[in-house]
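Colleague:
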Amino acid sequence: MARQHRIANALALIVVVSLTATGRAEGQVPTPADFAACNAEAPKAVKAGSASPTTGDHARAGTVRGDATTSSPGDDRGTRVESTDPQIHGMSAEGAKNAAYQAAYRSCMRRKGF
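For the sequence shown, our numbering gives the first residue as 30, with consecutive numbering after it.
1) Could you check what DSSP says for S112 in three-state terms: helix, strand or coil?
2) My assumption, with CB atoms under 8 Å, is that G119 sits in contact with R109. Please give the rounded CB distance.
3) Does the structure place the stretch 54–73 close enough to the stretch 84–96 that three or more beta carbon pairs sit under 8 Å?
4) Going by alpha carbons, who is nearest to K126 out of A71, R140, R32 and A65?
5) Taking DSSP's pairing of strands, which residues face S81 in a bridge?
6) Ordered along the chain, which non-local residues of its own chain (more than five positions away) have a Cβ less than 8 Å from that of K141?
7) Restricting to Cα atoms, I'd like to know which of T83, I43, F143 and E111 is closest to Y130.
8) Can you find the residues in the same chain that come closer than 6 Å, C-beta to C-beta, to A74, ignoring five residues on each side of it along the sequence?
9) Taking just the CA atoms, how far does I36 sit from M138?
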(Lines of atoms letter the chains of each structure in order from A and count residues from 1; the text may use other names and numbers.)
(Lines give C-alpha, C1' and ligand atoms only; values in the text may rest on other atoms or scores of the structure.)
Protein backbone atom coordinates (compact mmCIF):
# COMPACT_ATOMS: atom_id res chain seq x y z
CA MET A 1 0.00 0.00 0.00
CA ALA A 2 2.82 2.41 0.81
CA ARG A 3 4.38 1.68 -2.58
CA GLN A 4 1.17 2.72 -4.38
CA HIS A 5 1.08 5.91 -2.35
CA ARG A 6 4.69 6.75 -3.35
CA ILE A 7 3.92 6.06 -7.02
CA ALA A 8 0.82 8.27 -6.89
CA ASN A 9 2.83 11.07 -5.25
CA ALA A 10 5.59 10.75 -7.86
CA LEU A 11 3.08 10.92 -10.71
CA ALA A 12 1.39 13.96 -9.19
CA LEU A 13 4.75 15.68 -8.82
CA ILE A 14 5.64 14.92 -12.46
CA VAL A 15 2.34 16.40 -13.65
CA VAL A 16 2.76 19.57 -11.57
CA VAL A 17 6.36 20.10 -12.71
CA SER A 18 5.42 19.49 -16.35
CA LEU A 19 2.56 22.00 -16.22
CA THR A 20 4.73 24.59 -14.48
CA ALA A 21 7.57 24.25 -17.01
CA THR A 22 5.16 24.44 -19.94
CA GLY A 23 3.54 27.59 -18.59
CA ARG A 24 6.87 29.38 -18.35
CA ALA A 25 8.00 28.37 -21.83
CA GLU A 26 4.80 29.64 -23.44
CA GLY A 27 5.12 33.00 -21.70
CA GLN A 28 8.37 33.97 -23.41
CA VAL A 29 8.08 36.35 -26.33
CA PRO A 30 11.00 37.02 -28.67
CA THR A 31 12.20 40.62 -28.72
CA PRO A 32 13.54 42.71 -31.61
CA ALA A 33 17.02 42.03 -30.19
CA ASP A 34 16.38 38.28 -30.54
CA PHE A 35 15.27 38.78 -34.16
CA ALA A 36 18.33 40.90 -34.94
CA ALA A 37 20.74 38.44 -33.34
CA CYS A 38 19.31 35.44 -35.18
CA ASN A 39 19.09 37.33 -38.48
CA ALA A 40 22.78 38.22 -38.06
CA GLU A 41 23.76 34.65 -37.13
CA ALA A 42 21.80 32.82 -39.83
CA PRO A 43 23.84 33.99 -42.87
CA LYS A 44 27.05 32.96 -41.09
CA ALA A 45 25.65 29.47 -40.46
CA VAL A 46 24.53 29.22 -44.11
CA LYS A 47 27.98 30.27 -45.32
CA ALA A 48 29.65 27.76 -42.97
CA GLY A 49 27.31 25.02 -44.19
CA SER A 50 26.17 24.18 -40.67
CA ALA A 51 22.43 24.64 -41.27
CA SER A 52 20.34 21.54 -42.03
CA PRO A 53 17.02 22.52 -43.62
CA THR A 54 13.96 20.33 -43.13
CA THR A 55 11.22 19.57 -45.63
CA GLY A 56 9.17 22.31 -43.96
CA ASP A 57 11.98 24.83 -44.49
CA HIS A 58 12.12 23.98 -48.19
CA ALA A 59 8.32 24.27 -48.50
CA ARG A 60 8.19 27.65 -46.69
CA ALA A 61 11.10 29.00 -48.74
CA GLY A 62 9.35 27.97 -51.96
CA THR A 63 6.16 29.67 -50.84
CA VAL A 64 8.00 32.86 -49.88
CA ARG A 65 9.84 32.92 -53.21
CA GLY A 66 6.52 32.46 -55.03
CA ASP A 67 4.85 35.24 -53.04
CA ALA A 68 7.78 37.58 -53.69
CA THR A 69 7.30 37.36 -57.44
CA THR A 70 3.70 38.59 -57.12
CA SER A 71 4.40 41.64 -54.96
CA SER A 72 4.41 45.04 -56.56
CA PRO A 73 7.41 47.37 -56.66
CA GLY A 74 7.30 49.76 -53.74
CA ASP A 75 5.37 47.24 -51.64
CA ASP A 76 7.37 47.43 -48.43
CA ARG A 77 5.35 44.79 -46.60
CA GLY A 78 7.44 41.83 -45.67
CA THR A 79 10.76 43.14 -44.44
CA ARG A 80 10.27 40.59 -41.66
CA VAL A 81 8.26 37.39 -41.48
CA GLU A 82 5.12 37.64 -39.33
CA SER A 83 4.12 34.29 -37.85
CA THR A 84 2.53 32.73 -34.80
CA ASP A 85 5.51 30.33 -34.82
CA PRO A 86 8.13 32.04 -32.62
CA GLN A 87 10.93 30.15 -34.37
CA ILE A 88 10.28 31.92 -37.69
CA HIS A 89 8.62 35.15 -36.52
CA GLY A 90 10.90 38.13 -37.12
CA MET A 91 13.00 36.37 -39.75
CA SER A 92 14.32 38.55 -42.57
CA ALA A 93 11.92 38.25 -45.51
CA GLU A 94 14.88 37.99 -47.88
CA GLY A 95 16.46 35.25 -45.76
CA ALA A 96 13.14 33.40 -45.62
CA LYS A 97 13.55 32.63 -49.33
CA ASN A 98 16.45 30.32 -48.44
CA ALA A 99 15.71 27.01 -46.70
CA ALA A 100 19.16 26.85 -45.09
CA TYR A 101 18.70 30.39 -43.73
CA GLN A 102 15.37 29.32 -42.22
CA ALA A 103 17.00 26.30 -40.58
CA ALA A 104 19.77 28.44 -39.11
CA TYR A 105 17.31 31.09 -37.88
CA ARG A 106 15.06 28.46 -36.27
CA SER A 107 18.08 26.85 -34.61
CA CYS A 108 19.15 30.21 -33.19
CA MET A 109 15.65 30.92 -31.86
CA ARG A 110 15.51 27.45 -30.25
CA ARG A 111 18.81 28.10 -28.48
CA LYS A 112 17.28 31.33 -27.15
CA GLY A 113 14.36 29.34 -25.73
CA PHE A 114 11.67 29.96 -28.34
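Ideal Cβ positions, reconstructed from N, Cα and C, are used throughout, including at glycine. Everything numeric in this text was worked out from a predicted model, so none of it was measured.
Modeller: From the atom records:
1) Residue numbering aside, residue 112 sits at position 83 when the sequence shown is read from its first letter. If DSSP states are grouped into helix, strand and coil, S112 belongs with coil.
2) As a working note, residue 119 is residue 90 in the sequence shown. As a working note, residue 109 is residue 80 in the sequence shown. With a Cβ gap of about 5 Å, G119 and R109 count as contacting.
3) For the pair of segments examined, the stretch 84–96 was found not to touch the stretch 54–73: the number of CB pairs separated by less than 8 Å stays below three.
4) Within the sequence shown, numbered from 1, the residue matching residue 126 stands at position 97. Put simply, of A71, R140, R32 and A65 the residue whose alpha carbon is nearest the alpha carbon of K126 is A71.
5) If you number the sequence shown from 1, residue 81 lands on position 52. The partner list for S81 (beta bridge, DSSP) is empty, contrary to what the question assumes.
6) For the purposes of this step, residue 141 is taken as residue 112 along the sequence shown, with counting starting at 1. P59, D63, A66 and C67.
7) By 1-based counting over the sequence shown, the position of residue 130 is 101. For Y130, the closest alpha carbon among the candidates T83, I43, F143 and E111 is that of T83.
8) Translated into the one-based positions of the sequence shown, residue 74 becomes position 45. If you ignore the 5 residues before and after A74, its C-beta comes within less than 6 Å of the C-beta of A80 and A133, all in its own chain and listed in chain order.
9) Start at 1 with the first residue of the sequence shown, and residue 138 comes out as number 109. Start at 1 with the first residue of the sequence shown, and residue 36 comes out as number 7. Spanning the two alpha carbons is a distance of roughly 37 Å.
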